[in-house]
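Chains as they are written, first to last, in our numbering: chain C, 5 to 340; chain D, 5 to 340.
Built from N, CA and C at the ideal position, the CB exists for glycine as well.
Below you'll find the structure, written out as structure tokens, and then a few comments.
2 protein chains.
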Amino acid sequence: MAVRMKDIAEDLGVSLMTVSKALRNHSDISQPTRDRVLKRMRELNYQPDWIARSMVTRRTYLVGLVLPDLMHSFFAEVAKGVARKLQPLGYQVVISDTGEDGEVEQRQVEVLVNRKVDGLIIASAQRSGHLEMFQALERSRIPYVLIDRMLAGAGAHYVGVKDDELGSLATSHLIQQGCRRIAHIRGPAVATGVGRLRGYRRALARHGMAVRPEYIASGQYGDNTGYDAMQQLLQVDPRPDGVFCYNDPVAAGAIKAILEAGLRVPEDIAIVGAGNVHYSDLLRVPLSTVDQSSTAIGETAAELLSECMQSKTPPSPKRVFIPPRLVVRDSSRRRE
Amino acid sequence: MAVRMKDIAEDLGVSLMTVSKALRNHSDISQPTRDRVLKRMRELNYQPDWIARSMVTRRTYLVGLVLPDLMHSFFAEVAKGVARKLQPLGYQVVISDTGEDGEVEQRQVEVLVNRKVDGLIIASAQRSGHLEMFQALERSRIPYVLIDRMLAGAGAHYVGVKDDELGSLATSHLIQQGCRRIAHIRGPAVATGVGRLRGYRRALARHGMAVRPEYIASGQYGDNTGYDAMQQLLQVDPRPDGVFCYNDPVAAGAIKAILEAGLRVPEDIAIVGAGNVHYSDLLRVPLSTVDQSSTAIGETAAELLSECMQSKTPPSPKRVFIPPRLVVRDSSRRRE
DNA sequence: GCGAGTAACTTGAACGGTAACTGAGGCGCT
DNA sequence: AGCGCCTCAGTTACCGTTCAAGTTACTCGC
């Protein structure tokens, strides 16, 4: 089997503790001894046993990353950001895809807590108001950072954009492009969905435009719901001339519906999405969108979490807002 | 702190071992005692400590999933398939994104082996011929399954498509659609790239068409390389009228280049990709592609691996080939 | 020349489990 | 009565590490 510290100790005729100290370059050991030990370790290719170590240190160097949907490239990008920051620090990332299901999420978080991960990063699929999971999390004393979707509840760390700002930015852009009948395909009743809707409303109000309920269609997360929602909007009279979509997949679906109806994007209807997924530029009509700096979100969350995991006392809740950034492509360009 | 078996034992006035046996419903325990123990466990919400258990059982219930790029939705889909199969069995999946870098991959695999994962699923970014990593893996006795990219080397388990078959299928399709000057944007020198190229060659040969070196452009993995490669191909005289692209992102980039050059897809140039990524239908031109059943690959690999992890004796290497399936969309439809 | 101080190493007890024995009774059989 | 066997529970010994608390042996000041 693998080499253990004991083997090296016996081999060198020193005690186990000496080896252990040398390994972790503890202070009270002489340079010659330290060298002898380290040399032998290298020779035997000794690899410390994480499990045994975890057992006594109570740290696993495992971090849980709980995401609603890995196939949504926004989250895949976040995951990359998280891993990139955390791996150099010696952490491994356990990714869990909840399929946008709050209950699955809750179970997964339980499992991860049970596994004694050192920390968690969560883009929660919990509906607003459902906070049991977080109360349980608080009790477990495991530090966690929320990303993308903020929950009103307890003062948790958060990294993401302000969704109302995002919604407002996208909507204002459509107004500036000359759209006058602006619709919104809203997302589900999670924080992001609600916030973006609020931003949409606010932007309209600020420009003195009325919010027409029939211009607010319910989507969910994916492209087919965007397709369906858009078909409904096309029935409304007068037809909208601009649509702010909850996210890019929804927007892509909406564009498909518009083109199939024989209309043009952006001439007849301008479209803005959100997320700036990496293939936005390759869609039927290159998609205008609001960039959320997904990689930065992942990296920042990872940094914040690693701070929390270092300090013994839980630092006061921090909220990092990443400014949303408009990326204009063809789908909304109506004026030069 | 958390409840331990010891607490329950003392609480009930039985020995620790009794509790342990009851928990794992070992045979030599009476029903009444078992019930008493289990009841108390539930009351105290006892959660076995994975780490302590791993320490002695030498199993971690962790599985490593090593992928070249999570943002390529093909791999994200595979990951979902793997997780879906493995989580119900009590395994957690540790995902590692190697960024298509063989060295990073090697380090990551080392880390995972070191962490004593129970098994590995790998879509390797190793260039063909570089087998050190796998030799080391064999030595570690940790079961592993290769996916997507087969390596000629040792008899490892494999799940994926036959890439030459895939290449041949795509190329034949272009021929059937009436293309006569068929180019290929090839992938890197990993198994998939090589195999698809071979299939392309074979299909041309079978139809008595010559393979023209200037029709084979070097791409890599991503859409921008597809874009660049296509621009080169557009310079060739005579211009190709059909292109089989290494994968969907490459194909998407190629389409962008063609449209920007003022040509039409598929009328001037027909395009086929591979992978059937979920947004294929939403691209500039809905993309014809070869489906590789990514989810099925993930699930099958997971099943195969869990078999290996169960049986004490390493089962003989199995290769599961998933038949590639042509999905025709607009980008290659030239005949009704 | 003696106690205090210190540098360098050792000891023993966890950490929370599991596995392989060991042992106490009860029962049926000769 | 004595033997073996079965059922159920308890004992003991780890698993590989870390940590707090020793134990040496040597230096130093007075």
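Across the structure, L330 (chain D) and K25 (chain D) are spaced so that their CA atoms are roughly 54 Å apart. For P192 (chain C), the closest of C:F138, C:A174, C:G106, C:I259 by C-alpha to C-alpha distance is C:G106.
Where A274 (chain C) is concerned, the enclosing beta strand (DSSP E) starts and stops at 274-276. Secondary structure in the stretch 309-336 of chain D: the beta strand (DSSP E) runs of 3 residues or longer, each lying completely within the stretch, are 323-325, 329-331 in chain order. H76 (chain C) carries a coil assignment under DSSP once its states are collapsed to helix, strand and coil. Using a Cβ-Cβ distance cut-off of 8 Å, the stretch 229-243 of chain D and the stretch 297-315 of chain D are not in contact, since fewer than three pairs of beta carbons, one from each stretch, lie closer than that value. When the alpha-carbon of R323 (chain D) is set against those of D:M313, D:V332, D:L309, D:T317, the nearest one is in D:L309. Listed along chain D, no residue sits closer than 8 Å to Q224 (chain C) by beta-carbon distance, the nearest being about 15 Å off. The C-beta distance from P270 (chain D) to D334 (chain D) rounds to 7 Å, short enough to fall under 8 Å. The Cβ of I326 (chain C) sits no closer than 7 Å to any Cβ of chain D.
Y162 (chain C): member of the beta strand (DSSP E) spanning 161-164, first to last residue. Here the stretch 197-216 of chain C makes contact with the stretch 166-175 of chain C; the two share three or more CB pairs at distances below 8 Å. Contact between V215 (chain D) and I125 (chain D) does not hold, since the beta-carbon distance rounds to 35 Å and is not under 8 Å. Look at T293 (chain D) here: in three-state DSSP terms it is strand. Those residues of the stretch 282-300 of chain C placed with their C-beta closer than 9 Å to a C-beta in chain D are H282, Y283, D285, L286, L287, R288, V289, P290, ordered along the chain. Counting C-beta pairs closer than 8 Å gives three or more between the stretch 248-263 of chain C and the stretch 278-291 of chain C, which meets the contact rule.
Listed in chain order, the positions of the stretch 73-90 of chain D with a beta carbon within less than 8 Å of a beta carbon of chain C are L74, M75, S77, A80, E81, A83, K84, A87.
Apart from the 5 residues on each side of it in sequence, S132 (chain C) sits with its Cβ closer than 8 Å to the Cβ of L155, A156, A193, V194, A195, V198 in its chain, given in chain order. Looking at the DSSP output, S298 (chain D) sits in no beta bridge, so it has no partner there. From the beta-carbon of N118 (chain D), the residues of chain C found nearer than 8 Å are Q51, W54. Each residue's CA atom was taken as its position, placing A87 (chain C) and S100 (chain D) some 8 Å apart. DSSP, read as helix, strand or coil, puts S31 (chain D) in coil. Taken through DSSP and simplified to helix, strand or coil, V149 (chain D) comes out as strand. Excluding its 5 nearest sequence neighbours in each direction, S292 (chain D) has C-beta neighbours in its own chain below 6 Å: V276, V332, R333, S335, S336, listed in chain order.
By the neighbour-count criterion, in which 16 or more other beta carbons inside 10 Å mark a residue as buried, K260 (chain D) falls on the buried side. When Cβ pairs closer than 8 Å are counted between the two stretches, the stretch 262-269 of chain C is seen not to touch the stretch 49-59 of chain C, the count staying below three.
D11 (chain D) has a beta carbon lying at 7 Å or more from every beta carbon in chain C.
Only Q96, V97, V98, I99, S100, D101, G103 from the stretch 95-111 of chain C bring a Cβ to less than 9 Å from some Cβ of chain D.
Residues of chain C with a Cβ closer than 7 Å to the Cβ of M59 (chain D) are, in chain order, I55, A56, M59. Taking 7 Å as the cut-off, the Cβ atoms of L74 (chain C) and K89 (chain D) do not count as close. At a cut-off of 7 Å between C-beta atoms, A256 (chain C) counts as an interface residue with respect to chain D. By the Cβ criterion, the stretch 173-188 of chain C is not in contact with the stretch 107-123 of chain C, since fewer than three pairs of Cβ atoms, one from each stretch, lie closer than 8 Å. In the three-state scheme derived from DSSP, where H, G and I count as helix and E and B as strand, A256 (chain C) is classed as helix. Taking the CA atoms as reference points, Y231 (chain C) sits about 9 Å from G223 (chain C). Taking 7 Å as the cut-off, the Cβ atoms of L201 (chain C) and R190 (chain C) count as close. In the structure shown, S144 (chain C) falls within a helical segment according to DSSP collapsed to helix, strand and coil.
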